[in-house]
Amino acid sequence: LGLGGRLGGRCVFASELGAAPAATYRLNWEQGADGGDELVEGDVLDVPAEAVPAHDVLTAGFPCQPFSSRGVQGGCATEGGDWTGALYLELVRLLRAKRPRAFLFENVVGLVLLD
């Protein structure tokens, strides 16, 4: 969000599946406060919750097509090898494990209508 410096926060973990977006992330954001690189380049599904540092706020974006009224509306189903909707479940997994004070996810109308 770019507010860390102004609000006193700092990023302790980031995950990006694609190589090009990960490169863009590194161009726009400095290394972690300890000099390390908080970006995990790869699939967040492979990251155990214990590897994610404690944090106060979890922000996340995920593909909206599985939930959007304009998308295929597959929800969290994983038929045909499409795991894009399941990313939401991974974020819920991290919320349950880390219990941050707040979270901010993308606003997709169909998300609140999940079965």
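Counting from 2, one number per residue, gives the positions in the sequence shown under my numbering. Quick reminder that beta carbons are idealized off the backbone N, C-alpha and C, glycines included. Predicted model, so just to flag it, every value in this text is computed and none were measured.
In the DSSP assignment, F106 forms a beta bridge with A61. Excluding residues up to 5 positions away in sequence, T60 lie with their Cβ nearer than 6 angstroms to the Cβ of L105 in the same chain. If you ignore the 5 residues before and after R102, its C-beta comes within less than 6 angstroms of the C-beta of D57, all in its own chain and listed in chain order. Annotation: E51 is outside any alpha helix (DSSP H) and is labelled neither H nor E by DSSP.
Burial state of V93 is exposed, judged by a 10 Å Cβ sphere holding fewer than 16 other Cβ atoms.
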